[in-house]
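So the structure is just underneath, and the comments pick up after that.
Numbering (the UniProt record's numbering), first residue to last: 1 to 463.
Rendered as structure tokens:
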């Protein structure tokens with residue numbers, strides 16, 4: 001009996017040793033591989049054949065032209081604007097949201113100008129913002145709390161809503177002759193409906209008082225240009241800015257023998273072919289999901305080719321779309337679902353190039369990139385470099401949403417459908433888009449607006 005037990009125990013030990021040996025031998029082959037670390041980078045992006053201009057995104061501050069605004073109420077609104085534009089508050093916003101301050105002034109010694117006396121009567125201001133709910137909690141609520149502690153006789157009632165809701169609310173309040181002071185932070189494109197419609201206060205005489213010194217040159221030019229666009233009025237002041245950059249999996253490029261980031265679209269096409277040969281799939285991604293994401297990216301690319309994307313079909317527009325069509329043969333399969341918040345595939349090598357993405361939407365921690373990195377390669381400095389190469393904003397026309405729908409449709413026909421194209425067929429699609437936009441303006445506005453459109457009156461505002 002004891003002998004049998006010994007034999008059984010020995011047998012079990014032998015089995016365990018054999019199984020253990022097999023596992024030890026096979027484990028390196030069957031075990032999940034540790035995540036590979038890639039070197040990720042960001043740069044302003046390729047230059048087009050005409051320019052390297054970047055689209056300027058972000059939010060602007062404006063005051064609703066509500067009825068019977070007393071000088072005291074106006075002063076309270078201007079005090080709040082001056083505070084929100086102050087370098088310390090802008091710096092806090094940058095840390096919380098990634099948006100770039102408009103000024104390089106020293107934050108430690110800055111004093112917000114005294115516009116509304118602390119001995120004046122208490123004023124309540126409705127403040128509308130279209131910033132994301134995450135940024136609202138991380139930045140806006142804290143900023144307002146601090147403001148009210150500094151100015152106890154100015155009460156801010158904040159509301160975080162969609163930009164379209166800000167537009168409809170302000171329109172309704174102004175038409176109803178509301179006497180409530182209203183300040184808003186709204187996207188620099190959506191503000192156009194209110195600016196063109198005459199719903200905003202002219203800030204021309206207070207710009208110098210509420211804005212800090214050392215404002216970025218392009219922002220100063222933009223503010224000055226507003227008077228030319230809006231009949232002498234300055235209806236809004238740029239608050240926080242953002243510009244799309246190109247994000248790179250530099251390790252993937254180097255593995256394919258590419259040692260520099262593509263400086264032109266011609267070089268990007270060459271690199272895309274090399275990457276395709278190396279990895280067996282397209283490795284260049286863009287925001288092809290549709291909606292505002294796709295239309296906005298196309299807008300910038302076509303401007304860099306000398307186009308006027310608003311009219312769709314000038315020579316630069318056609319050349320830019322033709323270049324993009326040739327590049328699309330090497331697009332990542334991810335591009336059809338990619339939009340303004342797409343970036344994570346870069347860190348897993350699903351694609352090696354994310355062709356234009358907004359820094360504020362990229363979770364740099366998830367990518368393993370440090371936002372506050374110092375030196376010339378920090379996100380802020382790369383953004384400032386991009387802005388120094390040339391800046392424009394989209395003309396904030398009230399019909400921009402319809403333009404986006406038509407541009408998305410043209411993109412699908414030319415790129416996403418897979419239909420073979422050439423320069424002539426692309427020109428035809430874009431001419432059809434131009435005709436659709438013209439017809440829309442005729443039927444929804446009037447012949448004057450439609451003719452202004454056709455004559456190129458509406459175009460990118462280059463600063």
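Just so you know, even glycine gets a beta-carbon here, dropped at the ideal spot from N, CA and C.
The model shown is predicted, which means the values in this text are computed figures rather than measured ones.
Does residue 74 come out as helix, strand or coil in the three-state DSSP assignment? helix
Backbone CA spacing between residue 456 and residue 389 [nearest angstrom]: 24 angstroms
In the DSSP assignment, find the unbroken beta strand (DSSP E) run with residue 157 in it and report its ends. 154 to 160
Supposed close pair residue 414, residue 325 - CB separation, criterion 8 angstroms: 6 angstroms
Write down every uninterrupted run of the alpha helix (DSSP H) in the region 310 to 336 whose length is 4 residues or greater and which is fully enclosed by it, in chain order. 315 to 328
Could you give the residue range of the alpha helix (DSSP H) that holds residue 256? Run containing residue 256: none; DSSP gives neither H nor E here.
Do residue 333 and residue 282 come within 8 angstroms of each other at the CB atom, strictly closer than that value? yes
Determine the direct distance from the alpha carbon of residue 75 to that of residue 115, and round the result to whole angstroms. 6 angstroms
Given a threshold of 16 other Cβ atoms within 10 Å of its Cβ, counted over all protein chains shown, does residue 133 qualify as buried or as exposed? exposed
Using a Cβ-Cβ cut-off of 6 angstroms (strictly less than) and excluding sequence neighbours within five positions of residue 361, which residues of its own chain qualify? 340 and 341
Would you tell me roughly how many angstroms separate the C-alpha atoms of residue 397 and residue 259, rounded to the nearest one? 42 angstroms
Below 8 angstroms, can you find three or more Cβ-Cβ pairs linking the region 76 to 95 to the region 146 to 163? yes
Would you mind giving the Cβ-Cβ distance between residue 153 and residue 201, rounded to the nearest angstrom? I have them listed as a contact below 8 angstroms. In fact, because the Cβ distance is near 21 angstroms, the residues do not count as touching under 8 angstroms.
Return helix, strand or coil for residue 149, following the three-state DSSP convention. helix
Counterpart residues of residue 240 in DSSP-defined beta bridges: 59 and 101
Between the beta-carbon of residue 190 and the beta-carbon of residue 284, is there less than 8 angstroms? no
Between the Cα of residue 90 and the Cα atoms of 445, 181, 139 and 318, which residue gives the shortest distance? 139
Beta-carbon contacts of residue 28 that lie in its chain and below 7 angstroms, excluding the five residues immediately before and after: Caution applies to residue 28, whose pLDDT of 46 falls short of 50 and renders its modelled position unreliable; the model cannot decide the point.
Is residue 112 near residue 236, with beta carbons less than 8 angstroms apart? no
With 16 other Cβ atoms within 10 Å as the buried cut-off, status of residue 212: buried
Roughly how many angstroms lie between the CA atoms of residue 268 and residue 314, to the nearest whole one? 23 angstroms
Across the region 163 to 178 and the region 64 to 73, are there enough close Cβ pairs to call them in contact, namely three or more that are closer than 8 angstroms? yes
Name the one or two DSSP bridge partners that residue 126 has. 157 and 182
Which residues share a DSSP beta bridge with residue 341? DSSP lists no partner for residue 341.
Residue nearest to residue 349 in terms of C-alpha spacing, selected from 232, 88, 251 and 442: 251
Would residue 48 be called buried (16 or more neighbouring beta carbons within 10 Å of its own) or exposed? buried
Verify whether the separation of the beta carbon atoms of residue 167 and residue 193 is less than 8 angstroms. yes
Answer with buried or exposed for residue 429, where buried requires no fewer than 16 other C-beta atoms within 10 angstroms of its C-beta. buried
Please classify residue 42: does DSSP put it in a helix, a strand, or coil? strand
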